[in-house]
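Novice: Residue numbers (our numbering), protein chains in the order written: chain Z, 1 to 260; chain V, 1001 to 1288. Yeah, the Cβ is synthetic: ideal placement off N, Cα and C, and Gly gets one too. To start, I am sharing the structure in question, which I have written as structure tokens.
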Amino acid sequence: MTQSPVIEASGLDLTFTTSDGPVHALKDVNLTITKGEFVSFIGPSGCGKTTFLRCIAALERPTGGSLTVNGMTADQARRARAYGYVFQAAGLYPWRTIAGNVKLPLEIMGFSKADQEERVRKVLELVELSGFGNKFPWQLSGGMQQRASIARALAFDADILLMDEPFGALDEIVRDRLNEELLSLWARTGKTICFVTHSIPEAVYLSTKIVVMSPRPGRITDIIDSPLPRERPLDIRDSREFIEIAHRVREGLRAGHQDD
Amino acid sequence: MSRALPILTVLAAILAIWYAATIWMNATWVFDQAERNGQTVTWAEVIPQTMTQDRPLLPPPHQVAANLWQGIAGQAITSKRSLVYHAFVTFRGTMAGFGLGILLGVGLAMAIVRYRVMDGSVMPWAIISQTIPIVALAPMILTLSNSVGIDGKEVPKAIISAYLSFFPVFVSMIKGLRSPDQMQLDLLKTYGAGEGATFFKLRLPASLPYFFASLKVAVAAALIGTIVGELPSGAIEGLGARMLIGSQFGEPLIMWAALFAAAILAGLLIVAVGLVERLANRRMGGVA
């Protein structure tokens, strides 16, 4: 594993101007993410975890500090198609089949027809949706739709995968399964994953690094490097180490709240 | 059957009211006739006579139906007395105006969604345009187009028709093109998609359901516009001209038959648009 930084934020600030006055969404965020890491961002609403992810994706513009993605500015990285983004809602186009939806970024980026077909086949297999390519989104369950949206984000093979509470709207059983699949997908593809979540067990189970954040102003209160092995069966969640990390995350969240 | 029953009930009620009105309105003429001849008539004699007049104030349904049937099936369709012929002339005008209206409505909506300044500058005028009575505007359009040297009535008819039919398409398309939410726009941004791709991959397909919903209103508006365009033009062709002839020459049967022919044409057009909509919906992966 190389230690080259993929995402590097230092002194990052973002203030939104609203009709109620300025809102300090991010304050002095310093974070380095290296290649192949699985980083979770956890914290209560308004802590800026999604905002930070959107900054990396160049969907928001920071008002201070510096942020590089793959050694470029975030906007350059976006234009260079450095990342795939998975939103909380699957957001599949109802007028396209599953394969058509996965093909969407490929069409926009100008991949050849043959290459498109091949890539669609490959990523649908990766998310275990082979054979569903010709179905329309409404014919699939919520979990399958979200898997399709992950396939869509993977289709053009960006090195970075940004995921904004992708499983937040799913029930716990489906969520467990998708977490397991996401880990195996991460192991097979070696991508760098940034993952925003509300759930402590999810963050601890998935991550090599957990970033605990707190609101008003949105800032990082703790960064935990997970000692768990990269290979993680579901029952690792009953292990002593897992419970200890979860405890530390909870403490971090509580400390953030006392600052209010 | 459960769906037909309420419709038939309403239809029966309308026919009953219509027949009652026919007797009431046409009886005056029968009484006047009788008085002139120094006769007295009983109601039993009056009622049959209200049903068979040549120029009734209000023709009874069966007379209208007979005249309509005569106009549709009783003539060679190339004859100037054939309602099919006149309906075709009106249909042609409607299609021209409908097409023009769609182009105008979609074009303006695209411009408004794309350019902020257009929103403020064009939108109020589009709304004002619909507050001017078309009956007042139609003769002006005809005179104007004549004075700039456009021959025939087809072009001004199409313009009048488009003037009415563009508006529903315009309003719906603005809503449709703006229907994608922020998340869907952000998604395309993460692909580095340009404006063209955003329009063709997202905005346009997302607007299609709105577009088809507006077509049913637009096609009816186009038909009304065409008929209004045929009224003052001194035209001798088309259902509008037929109605005008009926009213000017005191031939209510002709007027009523043309009126019903127009209603049938409107029904057919709406069914046709509905079929196209259903077809498109199926291709777009709809449930229906």
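Look up Z:H24 in the DSSP assignment and give the residues it is bridged to.
Specialist: For this step, residue 24 of chain Z is matched to residue 24 along the first sequence. Paired residue(s): Z:T15.
Novice: Who does Z:M72 pair with in a DSSP beta bridge?
Specialist: To locate residue 72 of chain Z, count along the first sequence from 1; it is residue 72. DSSP, once it has assigned bridges, lists Z:V69 as partnering Z:M72.
Novice: I'd like the span of the alpha helix (DSSP H) that includes V:T1028, first residue to last.
Specialist: If you number the second sequence from 1, residue 1028 of chain V lands on position 28. Note, V:T1028: alpha helix (DSSP H), A1004 to R1036.
Novice: Enumerated in chain order, which unbroken segments of the alpha helix (DSSP H) with a length of 4 residues or greater are wholly contained in the stretch 102-164 of chain Z?
Specialist: Fully enclosed alpha helix (DSSP H) runs of 4 or longer: 113-126 and 142-154.
Novice: May I ask you to report which of helix, strand or coil DSSP gives Z:D225?
Specialist: For the purposes of this step, residue 225 of chain Z is identified with residue 225 of the first sequence, where counting begins at 1. Strand.
Novice: Enumerate in chain order the residues of its own chain whose CB-to-CB distance from Z:M1 is below 6 angstroms, with the five nearest sequence positions on each side excluded.
Specialist: Here residue 1 of chain Z is taken as the residue at index 1 of the first sequence, counted from 1. Low local confidence applies: a pLDDT of 46 at Z:M1 is under 50, so the model's placement there is unreliable, and no value is given.
Novice: Between the Cα of V:P1059 and those of V:P1133, V:G1250, V:A1266 and V:G1274, spot the shortest distance and give me the residue it belongs to.
Specialist: Reading the second sequence from its first residue, position 59 is the one you call residue 1059 of chain V. It is V:G1250.
Novice: Between V:A1288 and chain Z, is the shortest Cβ-Cβ distance under 8 angstroms, so that the two count as touching?
Specialist: The residue given as residue 1288 of chain V occupies position 288 in the second sequence. Low confidence applies to V:A1288: its pLDDT is 43, below 50, so where it sits in the model is not reliable, and the reading given next is rough at best. Not an interface residue.
Novice: Which residue's Cα is closest to the Cα of V:V1155: V:E1035, V:F1098 and V:T1078?
Specialist: Translated into the one-based positions of the second sequence, residue 1155 of chain V becomes position 155. Looking at the Cα atoms, V:F1098 is the closest of the given residues.
Novice: Mapping DSSP to helix, strand and coil, what is V:A1220?
Specialist: Counting from 1 along the second sequence, the entry for residue 1220 of chain V is found at position 220. DSSP places V:A1220 in helix when its eight states are reduced to three.
Novice: Report the rounded CA-to-CA distance for Z:I224 versus Z:F242, giving the unit in angstroms.
Specialist: Translated into the one-based positions of the first sequence, residue 224 of chain Z becomes position 224. Translated into the one-based positions of the first sequence, residue 242 of chain Z becomes position 242. Rounded to whole angstroms, Z:I224 to Z:F242 spans 12 angstroms at the Cα level.
Novice: Answer with yes or no whether the minimum CB distance from V:K1175 to chain Z is below 8 angstroms.
Specialist: If you number the second sequence from 1, residue 1175 of chain V lands on position 175. No, V:K1175 lies away from the interface with chain Z (no Cβ there is under 8 angstroms from its Cβ).
Novice: Return yes when the Cβ of Z:C47 is within less than 8 angstroms of the Cβ of Z:M163, no when it is not.
Specialist: Taking the first sequence and counting its residues from 1, the one referred to as residue 163 of chain Z is at position 163. Taking the first sequence and counting its residues from 1, the one referred to as residue 47 of chain Z is at position 47. Taking 8 angstroms as the Cβ cut-off, Z:M163 and Z:C47 do not qualify as a contacting pair.
Novice: Which residues, taken in chain order from the stretch 126-147 of chain Z, show a beta carbon closer than 7 angstroms to some beta carbon of chain C?
Specialist: No chain C is part of this structure, whose protein chains are labelled Z and V.
Novice: From Z:S239 to Z:T221, what does the alpha carbon distance come to, in whole angstroms?
Specialist: The residue you call residue 239 of chain Z lines up with position 239 of the first sequence. The residue you call residue 221 of chain Z lines up with position 221 of the first sequence. Whole-angstrom Cα-Cα distance: 25 angstroms.
Novice: From the DSSP secondary-structure annotation, give me the bridge partner or partners of Z:E8.
Specialist: To locate residue 8 of chain Z, count along the first sequence from 1; it is residue 8. Note: Z:E8 sits in a beta bridge opposite Z:T32 and Z:T68.
Novice: Could you tell me which of Z:P233, Z:V204, Z:L129 and Z:L234 sits nearest to Z:S226, measuring between CA atoms?
Specialist: Position 226 of the first sequence, counted from the first residue, corresponds to residue 226 of chain Z. It is Z:V204.
Novice: Please report the straight-line C-alpha distance between V:A1288 and V:L1279, rounded to a whole angstrom.
Specialist: Position 288 of the second sequence, counting from 1, holds the residue named residue 1288 of chain V. Position 279 of the second sequence, counting from 1, holds the residue named residue 1279 of chain V. The predicted model places V:A1288 with a pLDDT of 43, which falls under 50 and marks its position as unreliable, so this point remains unresolved.
Novice: Per DSSP, Z:T197 is paired with what?
Specialist: As a first step, residue 197 of chain Z must be located in the first sequence, where it is residue number 197. Paired residues: Z:I42.
Novice: What is the rounded straight-line gap between the Cα of Z:D260 and the Cα of Z:G43?
Specialist: Position 260 of the first sequence, counted from the first residue, corresponds to residue 260 of chain Z. Position 43 of the first sequence, counted from the first residue, corresponds to residue 43 of chain Z. Unreliable placement is indicated for Z:D260, whose pLDDT of 49 sits below 50; no coordinate value is reported for it.
Novice: Straight-line CA distance for Z:V127 to Z:D159?
Specialist: The residue given as residue 127 of chain Z occupies position 127 in the first sequence. The residue given as residue 159 of chain Z occupies position 159 in the first sequence. Roughly 17 angstroms between the two C-alpha positions.
Novice: Straight-line CA distance for V:G1274 to V:I1264?
Specialist: Mapped onto the second sequence, residue 1274 of chain V falls at position 274. Mapped onto the second sequence, residue 1264 of chain V falls at position 264. Cα to Cα, V:G1274 sits roughly 15 angstroms from V:I1264.
Novice: Name, in chain order, the residues that DSSP records as bridge partners for Z:K209.
Specialist: Against the first sequence, residue 209 of chain Z aligns to sequence position 209. According to DSSP, Z:K209 bridges with Z:V39 and Z:D225.
Novice: Measure from the C-beta of V:A1197 to each C-beta in chain Z and report whether the shortest distance is under 8 angstroms.
Specialist: Working through the second sequence from its first residue, we reach residue 1197 of chain V at position 197. Chain Z, which has a Cβ nearer than 8 angstroms to the Cβ of V:A1197, makes this yes.
Novice: Indicate the three-state DSSP secondary structure (helix, strand or coil) for V:G1225 in the structure shown.
Specialist: Indexing the second sequence from 1 puts residue 1225 of chain V at position 225. Looking at V:G1225 - three-state DSSP - the assignment turns out to be helix.
Novice: Measuring alpha carbon to alpha carbon, tell me which of Z:G91, Z:E231 and Z:R147 ends up nearest V:D1181.
Specialist: The residue you call residue 1181 of chain V lines up with position 181 of the second sequence. Comparing Cα-Cα distances from V:D1181 to each of Z:G91, Z:E231 and Z:R147, the minimum goes to Z:G91.
Novice: Give the residues of chain V in contact with Z:F38, contact being defined as C-beta atoms less than 8 angstroms apart.
Specialist: In the first sequence, counting from the first residue as 1, residue 38 of chain Z sits at position 38. Here the premise fails: no neighbours, minimum Cβ distance about 20 angstroms.
Novice: Just checking my contact of Z:L14 with Z:L31 at CB under 8 angstroms: how many whole Å lie between their CB atoms?
Specialist: Within the first sequence, numbered from 1, the residue matching residue 14 of chain Z stands at position 14. Within the first sequence, numbered from 1, the residue matching residue 31 of chain Z stands at position 31. Not quite, the Cβ-Cβ distance comes to about 14 angstroms (not below 8 angstroms), so this is no contact.
Novice: With a CB to CB cut of under 6 angstroms and the five nearest residues on each side skipped, what residues in its chain are close to Z:G168?
Specialist: Against the first sequence, residue 168 of chain Z aligns to sequence position 168. Answer for Z:G168: Q88, listed in chain order.
Novice: At a Cβ threshold of 8 angstroms, is Z:T124 touching chain V?
Specialist: Start at 1 with the first residue of the first sequence, and residue 124 of chain Z comes out as number 124. The sequence given here has Leu at residue 124 of chain Z, not Thr. It does not; no Cβ of chain V falls within 8 angstroms.
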